[in-house]
Amino acid sequence: MATHEPAQPRPKISVVIPAYNEEKYVGATIENVKEAIKEYHKKYSFPVEILVVNNNSIDRTEEVARQYGARVVFEGKNQIAASRNAGGRAARGEIVAFLDADDHISPNLLTIVYEAMASGKYIGGGVARIYRDKRLTLANWLERINNFNRRWVGVSTGLIYTHKETFERIGGFDEQYYAAEEGRFVLDLRKLGKKEGKKFCNITDGYVIKSARKFEQLKAPTLVWTGLKFVLFPWRLKSRKACSYWYDLEERK
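Listed below in structure tokens is the structure:
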């Protein structure tokens, strides 16, 4: 007589981590998310999935992610938006939360995300408090400005989250954009929320720590000019070459 393994419960949250050549960072990020899961499990027993999207890496990113216990899927199109979308589609959780491969989150953040979405009041949300992992003058000055905008303008990113069903309805991240695709997604999310009478939840009780390594690689005038060009000429966000800053400072082949 055949026996069957009991079906595994569906995760409540999938933490989706796009990764391109992140072997040096993805393990620590997974461990950090695990700590947040432990904190979440102090209140809730529902499972949480860690899903890494190997975005056609040529290093040991996938191997490292598996060693640290993440589920891994592959996306061959070298693009941040495409990688996020592959993870969103493959996610098993009711809620999808998107985190960069070198980011760390506060221990309480997944608990806050779950409670916000379980309330039924919110279409989704983001994190209004984002810091850099090193005290670089320009990096921290820019984040202070951005944190002010996130709180009062309401377009917060860092860890974007929503129901998977909502992610699918919106159509995911716009793959016309090679950078700032998360900002476009947040605007679409807020628009849908307004239509359905739901708010966008800016989390202020948790935080995300982002890597400052890009700031270390480029000089201050270059960083300022890069940002200014996208403000003045936003259509450049649809150019892979113009967005090389987000692609290891060179156009991917």
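Add 1266 to the 1-based position in the sequence shown for our numbering, that's all there is to it.
Quick reminder that beta carbons are idealized off the backbone N, C-alpha and C, glycines included.
So does the region 1285-1294 actually touch the region 1327-1346, counting three or more Cβ pairs closer than 8 Å?
A contact between stretches requires three or more CB pairs, one per stretch, nearer than 8 Å, and the region 1285-1294 meets this requirement with the region 1327-1346.
Local conformation of Glu1315 per DSSP, three classes:
The answer is strand: DSSP assigns Glu1315 an E or B state.
Between the CA atoms of Leu1503 and Lys1464 - distance to the nearest angstrom:
Each residue's Cα considered, the two are about 29 Å apart.
Between the C-alpha atoms of Ala1302 and Tyr1443, what's the straight-line distance to the nearest angstrom?
Roughly 31 Å between the two C-alpha positions.
Let me check one thing: in DSSP terms, what residues is Pro1373 bridge-paired to?
Bridge pairing for Pro1373: absent [DSSP].
Given that a residue counts as buried once 16 or more other Cβ atoms are within 10 Å of its Cβ, and exposed if not, what is Arg1276?
By the neighbour-count rule (16 or more Cβ atoms within 10 Å), Arg1276 is not buried but exposed.
Whole angstroms are fine: how far does the CA of Ala1384 sit from the CA of Thr1327?
CA-to-CA, the gap between Thr1327 and Ala1384 works out to about 33 Å.
Mind reading off the beta-carbon distance from Val1393 to Ile1469? Whole number of angstroms is fine, and I expect it under 8 Å.
That pair is a contact at about 5 Å.
Identify, in the order they occur along the chain, each residue of the same chain with its Cβ nearer than 6 Å to the Cβ of Val1319, setting aside the five sequence neighbours on each side.
The answer, listed in chain order, is Pro1284, Val1339, Glu1341, Ser1349, Ala1352 and Gly1353.
Starting from Gly1389 and walking both ways along the beta strand (DSSP E), at which residues does that stretch end?
Note that residue 1389 corresponds to Ile in the displayed sequence, not to Gly. Residue range Tyr1388 to Val1393 is occupied by the beta strand (DSSP E) that includes Ile1389.
The beta strand (DSSP E) with Ile1361 in it runs from where to where?
Ile1361 to Phe1364 is the extent of the beta strand (DSSP E) around Ile1361.
So, helix, strand or coil for Asn1227, using DSSP?
Residue 1227 lies beyond the stretch modelled for the chain, which goes from 1267 to 1519, so this question has no answer here.
Own chain, CB closer than 7 Å to Ser1505, minus 5 neighbours either side, in chain order:
Contacts found: Tyr1444.
Grab me the residues of Gly1438's own chain with a C-beta within less than 6 Å of its C-beta, minus the 5 sequence neighbours each way, in chain order.
Cβ within range, chain order: Asn1351 and Gly1354.
Taking only runs that begin and end inside the region 1427-1457, name each unbroken beta strand (DSSP E) of 3 or more residues, in chain order.
List check, beta strand (DSSP E) in window: nothing returned.
Tell me which residues share the same chain as Lys1457 and place their Cβ nearer than 6 Å to its Cβ, disregarding the 5 neighbours each side in the sequence.
The answer is none, since no qualifying residue turns up.
Buried or exposed, going by whether 16 or more other CB atoms sit within 10 Å of the CB of Leu1453?
Exposed.
For Gly1391, is the classification buried or exposed, using 16 other Cβ atoms within 10 angstroms of its Cβ as the cut-off for buried?
By the neighbour-count rule (16 or more Cβ atoms within 10 Å), Gly1391 is buried.
What does a CB cutoff of less than 6 Å around Tyr1286 pick up in its chain, not counting 5 residues either side in sequence?
Answer for Tyr1286: Asn1321 and Ser1323, listed in chain order.
By the 10 Å Cβ neighbour count, where 16 or more other Cβ atoms means buried, how is Asn1413 classified, buried or exposed?
Interpretation of Asn1413 is limited by its pLDDT of 46, a score under 50 that renders its predicted location unreliable; the figure taken from the coordinates is listed afterwards. So Asn1413 counts as buried.
Taking 8 Å as the CB-CB limit, is Val1299 close to chain D?
Looking for chain D here will not work: only one protein chain is present.
Could you have a look at Tyr1306 and say whether DSSP puts it in helix, strand or coil?
It is helical.
Per DSSP, cross-strand counterpart(s) of Ile1396
DSSP, once it has assigned bridges, lists Val1474 as partnering Ile1396.
Report the CB separation of Ile1296 from Ala1336 in whole angstroms; it is logged as a contact under 8 Å.
Confirmed, Cβ separation roughly 5 Å.
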